[in-house]
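Each residue of the sequence shown is one higher than the one before, starting from 18 at the first, in our numbering. Just so it is clear, CB atoms sit at the ideal spot from N, CA and C, and this is done for glycine as well. As the structure is a prediction and not an experimental result, all values here were calculated from the model.
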Amino acid sequence: MLKKLFSVVVISAITQFLSAQSGTVTGKIMDGEFNDVLPFANVVIKGTTNGTTSDFDGLYSLDVEAGTHTVIFSFIGYETKAITGVKVTSGETVELNVTLNQSSTALEEVVVTTTTRKNTEASVLSIQKNSVTLLDGLSSEGIKKTGAGDIASAVKRVPGVSVQEGKYVYVRGLGDRYTKSTLNGMDIPGLDPDKNTVQMDIFPTNILENLIVQKSAAAELPADFTGGMVNIVTKDFPTSKQMSLSVSGGFNPDMHFKDNFLTYDGGDTDFLGFDDGTRKLPVSSTANIPLPPSDNGTLEGITRSFDPQMAAQRKNSMPNFGLSFSYGNQFDVGNDNKLGLIASIDYKNTTSFYENFDEGVYQKWSESDNYEMRYDRRRVGDLGINNVLLSGLAGLSYKTERSKYRFNILRLQNGENQASIYNQDTQVSNSIQVVKDYLEYTERSVTSLLFSGKHTNKDASFTTEWNVAPTRASVQDKDARLTTFIINGDGTYGISSDAGYPSRLWRDLVEDNIVGKVDFTKNFSMFDQKSVLKFGGLYSYKQRDYSIYSYDIGFRSFNTTSLNGNPDVILAPENIWTPETNTGSFIRGNFQPANTFDANQNTAALYISNEFKPLEKLRAIIGLRGEYFTHFFTGQNNSGSRVLDNEKVLDNFDLFPSANLIYGLKDNMNLRGSYSKTIARPSFKEKSLVEISDLLTGLIFIGNIDLEPTKIDNIDLRWELFGEEAQMFAVSGFYKHFENPIEIVAYDNTAPTNYTPRNSPSAEVIGVELEARKHFGFITEGLKDLFINLNVSLIDSKMDMAEQEYNARNLYLKEGESIDRKRELQGQSPYLINVGFNYKNDGIGLESGLFYNVQGKTLEVVGSAGLNPDVYTMPFNSLNFNFSKALGEEQRSKISIKIDNLLDDDRESQYEAFRAQNQNFSFRAPGREFSIGYSYRF
């Protein structure tokens, strides 16, 4: 017995000793011809019999003795690739991803030899180079190369992409309506469900496999994107155990440590991004609130149940803070089965303070010889914002010999607290001067699940993939409070109906989505070449409930000048109306049917496409997608003259053909062309009867139940040249024709604060893109690590005005002014410039970069109602500096420094009119922000 036990111990010790002297080489093998994984390719260490094959996902893993090796990759009919200088350290994992190209000679073996560094840099561009559809992207290697901590920072390097507000991604200068975001290929709503794009600063880069920006459509992709679709692909099986922790802080001299920052007392859980119930509606939403003096004994109690806090408070502002943690690992389970796990949690707490913000609503004079604009209303004051974002992502994957299953869960929790004090001067609709206190708390959350599977036959020639993704998104405005005091001529303050009574507002939005899709892929031979047939279907159901609960504070036999302009004493106990005194303040308001709606959208889709090579150097994907879309609406307008009960307001079946061609002029040079048909559908809010007011800006959004979707024809042409070490140069041209484009326009002259979406007849967009990535090694070898990334887009858009708009613009022409029937498309930027200088030295762990981005003047609101001028978003010149340095021999820790908005530019939207001086629609001064961060990899 002792002898047997001794043998087991010795064998175990020897095994552990030997394993301690080895490391692991792992990665993915890609098919260079079809930009797909290459199953069952051979991997062997040169000079040994140690080898393995890739699985149906193209993944491989091989235990290798410590030392420097040459790794050989081969597959029948493909070039053999030998990677030299692969350094393996005991107990460590080396990730080596390889692309194999088909061999042009059938009889003799072709061996391509390259170094580890060159192979890694080449793989950064392999997805883009080998894709038949027009796309740009970042592989996991490319993301590491940027040194970015989140996607919003990394995606700035992608050509044709701009990042707005540090988080929203727009492609080719087109706005949110024409850009779409997906997570692992599935629709996911963001914290603002009315946006197509998800904010990108919530995803840490270390859990990403790649990031793809699709610029041309294909049959297997959703039809509702035009500018681009951003697909975030998370890792399912980390190459090795990964665990990291990072902390960061940010300081803005114009916003932080300011003792005049505006806020108000909230709940104990505000720091976690949700309200603890402090701001909940204190009465039933259907309660019938009586008016004095006909009280049934409940009015006083109802009034006292409302939080009496109505005034913004001046306090000290704190700097920004961030904390994140991520973990990933894979485990062997059973007979060659694998279990993968990823998890991340991210916390951001940011404070913004805008002193002397300026917002206006301007109109033109009706006289033809008076060119200047006058304001209907102008607001100047201070605004304090505290935003908390807590996000968590967890994923579990299980792989057998022929199947893979994945489960992902994403949770986003966001709380935003706003407080503002501002003066408002009104001249046109009412000549009055007031001071306003505004308090608001918005709680947003998204919970998204993903269940998916991938199954293949024995030789991986037929693959089935399925996905199911249920999601719930919630947006709640909790007890928004607005108090308006009129500034009287004698210096006193009062409240009256002229300026509006103090108001309290709750808004609830809940949206449930479920998307399911199945995709089949069959490899076969066509024209004696490998071809790929894809077909499948999708079903999507989205349902939204929206409710507004609005109350105001009335006064009975009460002199409001006695309040001395203090909002907090309006609901003070001694000032509340009681039956005994029959004087004081009281809550009033009842449920209004026009303040609620219910709607649902259904999409059913089928598609088929074929990827093939009709000629040796020509590849093509020809596809057709059909989508049946319905939209049902329940609700009514404010007057009650239009009531809809689950009425079908949109019922369309559309076919979306697509053709993508790529011709290989040389091994490193491609010519691409594509045509596709896509669509942009109105959102729930847009295709409705609802009227939504913004208490801070005073603007009112009015839905348009008669909106039609926008149909777009897209043509793309691109020439591209790929060099060594991730260098490239490309020139692209694109043309888009819009039928019934949707635009946000001013409602009419009598209500200049009202805006609504409307269809225009048609529009055209034509543009060119120039893209270049080049290192400075041509000057001296020492500058090989310094890269310039350049992307310039020039875009011209022309919109055919609707007859209603054209006539309205001609109604109040100025002397010397003429109106063309065409104008620019709302939301389309005329140019986009991205320039970045990036230095990265892996040997010493140093990276530094200077990045400039600007987007041209863009039509934001169409002033189509005669006296209402157009509003333009002015260029924001963003210049940011990044510096990071890895510390320690193994470079496990890193310190990073960032400076945002080095030019100290302002964010401005302005009214423009013929020969008139521009006037502010919105003005914010974001200032410069200095950030420092520290991260550690365990």
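- Three or more beta-carbon pairs drawn from the stretch 81-91 and the stretch 54-65 are found closer than 8 Å, and the two stretches are therefore classed as touching.
- Taking the Cβ atoms as the reference, K551 lies roughly 7 Å from D536, within the contact range of under 8 Å.
- For R573, the secondary structure class from DSSP, reduced to helix, strand or coil, is strand.
- Below 8 Å, too few C-beta pairs join the stretch 602-612 and the stretch 634-643 to call them touching: fewer than three.
- The stretch 444-462 makes contact with the stretch 390-404, as at least three CB pairs between them are under 8 Å.
- Around the Cβ of V350, a 10 Å sphere holds fewer than 16 other Cβ atoms; the residue is exposed.
- If you compare the alpha carbons of S341, F751, V300, Y556 with that of M260, the shortest gap goes to S341.
- The C-beta of P631 has fewer than 16 other C-beta atoms within 10 Å across all chains shown, which makes the residue exposed.
- Cα atoms of F479 and G554: separation of roughly 17 Å, rounded to the nearest angstrom.
- Every beta strand (DSSP E) of 3 residues or more that sits fully in the stretch 336-400 is shown, in chain order, as 337-350, 354-381.
- A check of alpha carbon separations from N387 across F947, Q936, F931 identifies F931 as the nearest.
- In this structure, DSSP gives D562 an extended state, which the three-state scheme calls strand.
- With fewer than 16 other CB atoms across the displayed protein chains lying within 10 angstroms of its CB, P270 is exposed.
- The beta carbon of E482 lies closer than 6 Å to those of K471, D536 in the same chain, with the five residues before and after it left out.
- Straight-line measurement puts the Cα of Y752 at about 7 Å from the Cα of G784.
- Scanning its chain for C-beta atoms nearer than 6 Å, with the 5 sequence neighbours on each side dropped, one finds around R428 the residues G409, T464, in chain order.
- Taken in chain order, the whole alpha helix (DSSP H) runs of length 4 or more contained in the stretch 423-452 number zero.
- Buried is the label assigned to K915, since at least 16 other Cβ atoms lie within 10 Å of its Cβ.
- DSSP lists R636, R689 as the bridge partner or partners of I679.
- A straight-line Cα-Cα distance of about 9 Å links E822 and V879.
- The three-state reading of DSSP puts V300 in coil, since its state is none of H, G, I, E or B.
- Between L713 and S437 a beta carbon distance of about 6 Å is seen, short of the 8 Å cut, so the two are scored as contacting.
- The Cβ atoms of T651 and R698 lie no closer than 9 Å to each other.
- Scanning N771, I729, T767 for the CA closest to the CA of V707 turns up N771.
- In the DSSP assignment, T320 falls within the alpha helix (DSSP H) that extends over 316-322.
- Taking a C-beta distance under 9 Å as the contact criterion, Y95 and D48 qualify as a contact pair.
- If you draw a 10 Å sphere on the C-beta of V175, you find 16 or more other C-beta atoms in it, and that means buried.
- Of Q618, D730, A768, the smallest CA-CA separation from S705 is found for Q618.
- For S913, the secondary structure class from DSSP, reduced to helix, strand or coil, is strand.
- Its chain contains F650, V666, K704, S705, L706 as the residues whose beta carbon lies nearer than 7 Å to that of I722, once the 5 sequence neighbours on both sides are disregarded; these appear in chain order.
- In the DSSP assignment, P310 forms no beta bridge with any residue.
- When the five nearest sequence neighbours on each side are left out, the beta carbons in the same chain lying within less than 7 Å of the beta carbon of T417 are those of N354, in order along the chain.
- By the Cβ test, the stretch 231-241 is not in contact with the stretch 326-336, since fewer than three Cβ pairs between them sit closer than 8 Å.
- Collapsing the DSSP output to three states places D887 in a strand.
- Nearest in C-alpha terms to F898, of all of G873, R924, R945, is R945.
- For Q38, the number of other beta carbons within 10 angstroms of its own is below 16, and it is reported as exposed.
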